[in-house]
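Notes to accompany the following structure.
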Amino acid sequence: MAGGQGPRPLPAAEADTVLRIVGDCLAARSLHAFREGVAEAFARHLGYRHVSFFLGGDMAGIFGDEAPLVVGRARRMAPAYIEHFRGMDPFAAACGVRVPTAPVPLSLAQCTQGRVMEHREYMERFMFRHGIRDKMVIALPGASGAAGIGVLAEEAGAFGVLDQARLYALAPHLAHVLALHLQAGPLRPPGAGRLTGRQEEVARLAASGASTRQIAAALFITENTVKRHLTAVFAELGCQSRSQLAVLWHRRAG
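Put into structure tokens, the structure is as follows:
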């Protein structure tokens, strides 16, 4: 599946931005850190503050991810998406018709073209209700697993030619870094991996009953960063709540 009309040449300054993002992502030492790094780099360098990062065994499988990394408005949207709307996702429908075989950005306009009425409920009850009017997804298919990185915007038509060019340039590099992490350890069931040092600290405090605000103050990080780390911890350990985390953590410590 092609995204838009193909890649556009990037101005030198934009090419440097792409290289900085790739450098930030290469510094990640784990798959979870890579996901977090992508979201942080997108916000820092591109101003994309509403980001989702779904993983799966293949492109069809990413839409079944129960614990995606979600930032900004995407965080508030995730429960409704997982519970009610992922089966209506126009990006899933587009990938079902023609599965991407190479890293490529897909636009909302492209995936809904000629099917506006078919996707009306998804757009009105899910996207618009959450204040989102535009979206792009970077499809990252691979032999060891796949990912979909979504960037969302509150304005219709927010993503233009420059955004397309940026994401085209980034897509193969992000796919390469993803493949390195998956080859080091293919997608595993929750609980099979290890937490990063920061995730360990957040998990320990959360398991002891500390609130998000208390954890943020103790570790000198923002509350949003605490929430992102907790999302990663829940995904890694297979928890659905802080109470489950507390039980598992104390069992692990004992």
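Heads up, the sequence shown stops at 236 in the working numbering, and the numbers go up one at a time, no gaps.
All residues carry an ideal CB built from backbone N, CA and C; glycine is no exception.
Fair warning: this is a prediction, and the values are worked out from it, not measured in the lab.
Judged by beta-carbon spacing, Val119 lies beyond the 7 Å limit of Gly127, meaning their Cβ atoms are not closer than that value.
When secondary structure is reduced to three states using DSSP, Ala84 falls in the coil class, being assigned neither helix nor strand. For Asp116, the enclosing beta strand (DSSP E) has its first and last residue at 116 to 122. Residue range 128 to 135 is occupied by the beta strand (DSSP E) that includes Gly132, with no alpha helix (DSSP H) assigned at that position. One thing to note: His163 has its Cβ within 7 Å of the Cβ of Phe16. Uninterrupted beta strand (DSSP E) stretches at least 3 residues long and entirely within the stretch -15 to 65 occur at 33 to 38, 51 to 53, given in chain order. Distance check between Thr94 and each of Arg57, Glu136, Ala76, Ala217 places Ala76 closest, using alpha-carbon atoms only. For Glu183, the enclosing alpha helix (DSSP H) begins and ends at 179 to 189. Judged by DSSP secondary structure, Val215 falls within the alpha helix (DSSP H) whose first and last residues are 205 to 219. The count of Cβ pairs closer than 8 Å, one atom from the stretch 21 to 28 and one from the stretch 36 to 45, stays below three, leaving the stretches out of contact.
A distance below 7 Å between beta-carbons, with the five flanking residues on each side excluded, links Leu37 to the following residues of its chain, in chain order: Ile44, Asp47, Gly127, Ala129, Leu169. Out of Gln226, Ala147, Glu103, Tyr30, the CA that lies nearest to the CA of Lys117 is found in Tyr30. Looking from the CA of Arg55, the closest CA among Pro72, Glu106, Gly113 belongs to Gly113. Here the alpha carbons of Ala161 and Pro85 stand approximately 12 Å from one another. Counting C-beta atoms within 10 angstroms of its own C-beta, Gly132 has 16 or more neighbours from the protein chains shown and is therefore classed as buried. Excluding residues up to 5 positions away in sequence, Phe45, Gly46, Ala74 lie with their Cβ nearer than 8 Å to the Cβ of Arg68 in the same chain. Non-local beta-carbon contacts of Gly139 in its own chain, meaning distances under 7 Å to residues more than five positions away in sequence, involve Asp116 in chain order.
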